[in-house]
Amino acid sequence: MNDDGTKTVIDIRINDDGKKVKVTSKIRTKTVTSQVNPAIARRRNLRKFGDCTGLKAGPDTDSTSFGEIVHLKLAASAKSADLDAPNPEDEKIIKDKLSSAKISCRICKGDHFTAKCPFKDSHQHILAGGGGGGDETLAGLSRSKTDAAGPAVGTTGKYVPPGMRGGAGGDQSRGARMDGDRDDLPTVRISNLSEDTTENDVRDLIARFGHTARVFVARDRDTNTCKGFGYVTFYDKFDAERCIAALNGYGYDNLILSAELAKNKQRS
Numbered sequence: 001m002n003d004d005g006t007k008t009v010i011d012i013r014i015n016d017d018g019k020k021v022k023v024t025s026k027i028r029t030k031t032v033t034s035q036v037n038p039a040i041a042r043r044r045n046l047r048k049f050g051d052c053t054g055l056k057a058g059p060d061t062d063s064t065s066f067g068e069i070v071h072l073k074l075a076a077s078a079k080s081a082d083l084d085a086p087n088p089e090d091e092k093i094i095k096d097k098l099s100s101a102k103i104s105c106r107i108c109k110g111d112h113f114t115a116k117c118p119f120k121d122s123h124q125h126i127l128a129g130g131g132g133g134g135d136e137t138l139a140g141l142s143r144s145k146t147d148a149a150g151p152a153v154g155t156t157g158k159y160v161p162p163g164m165r166g167g168a169g170g171d172q173s174r175g176a177r178m179d180g181d182r183d184d185l186p187t188v189r190i191s192n193l194s195e196d197t198t199e200n201d202v203r204d205l206i207a208r209f210g211h212t213a214r215v216f217v218a219r220d221r222d223t224n225t226c227k228g229f230g231y232v233t234f235y236d237k238f239d240a241e242r243c244i245a246a247l248n249g250y251g252y253d254n255l256i257l258s259a260e261l262a263k264n265k266q267r268s
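1 is the number of the first residue of the sequence shown in the UniProt record's numbering; add one for each residue after it.
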């Protein structure tokens, strides 16, 4: 026992190299007094009975299960609270920056968030192309979409369906224009899909190749299960070629996929 209250323990050991070494350790014994509920103290002094008769005080590993010890820090110290307290000057600078900042949509330059832009779906292929004159093109398309909605009542005072506004119908109708635009876009046919495949699964599978205009999975009318094939329409032909090169022969859901460029008559 040392004068400072510590205890010195000398141990002779054999290290990993096979040499005998001397290890000197200093141990300080500290008594910690804790306060417990009187009911807990009385329960600890109860005499054990049954299979635990004659065992020493304290829990026994054969009859007692131990839970995980969780340490809770209910309150921070005053020093850490002062460090975490925000600086009033920094808060004022941040508020000034936020008050002067304006929300601007990256698609149509409107005063709303880009995620809530009403023209997001119709301008998706323009954003993917990244060509010049984007602002003027987007503004023109925004005006054309607003004009196409038009009034529901024509010059004769009769109701005009949205697809017939701005023309006499026929090939100029909105449905015909949409079908024509879709036929011009490259479409990839993905075959040998499993019965559990959904459209969301296909979207996750081809998300890395580029923006898509349409994802379709053929389903059985009675069982509502996948028929084994589907179509993915891309805005860019380069993205479609990348999709075919990556998925043709790709293993998915214990099956080998087949990807090819779909023909117009296959999609009709």
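Each residue gets a CB set at the ideal place from its N, CA and C atoms; glycine is no exception.
In the structure shown, GLY5 adopts coil according to DSSP, grouped into three states. If you draw a straight line from the Cα of LEU261 to the Cα of GLU241, it is about 8 Å long.
Annotation for ARG28: GLY5 and THR6 place their beta carbon closer than 7 Å to its own, counting only its chain and skipping 5 residues before and after. In this structure, DSSP gives GLY54 a state outside helix and strand, which the three-state scheme calls coil. Secondary structure note for PHE238: its alpha helix (DSSP H) is the uninterrupted segment 237–247. In the DSSP assignment, LEU205 falls within the unbroken alpha helix (DSSP H) covering 199–206. Look at the beta carbons and you see the stretch 42–61 not touching the stretch 18–32: under three pairs across the two are nearer than 8 Å. In the DSSP assignment, ARG219 falls within the unbroken beta strand (DSSP E) covering 212–219. Using a 10 angstroms sphere on the CB of TYR159, the tally of other CB atoms stays under 16, which defines it as exposed. Between VAL217 and THR197, the C-beta gap is smaller than 8 Å, which places the two residues in contact. Residue pairing by DSSP places ARG189 opposite TYR231 and GLU260 in a beta bridge.
For GLU199 against VAL215, the beta-carbon gap comes to about 5 Å, under 8 Å, which counts as contact. Taking a contact as a CB-CB distance under 8 Å, the pair PRO186 and LYS237 counts as one, their CB atoms being some 5 Å apart. Under the DSSP definition of a beta bridge, LEU255 partners with TYR252. Minimum Cα-Cα distance from PHE209 among the listed residues ALA245, ASN192 and ARG189 corresponds to ALA245.
When DSSP states are grouped into helix, strand and coil, LYS158 belongs to the coil group. For the set LYS73, LYS97 and ALA213, the Cα lying nearest the Cα of TYR235 is the one of ALA213. ASP11 sits in a strand when the DSSP states are folded into three classes. For VAL23, the beta-bridge partners assigned by DSSP are ASP11.
Note on geometry: alpha-carbon atoms of ARG106 and GLY251 lie some 38 Å from one another. If you check the CB distance, LEU193 and GLY230 come in under 8 Å.
In this structure, DSSP gives ARG28 an extended state, which the three-state scheme calls strand.
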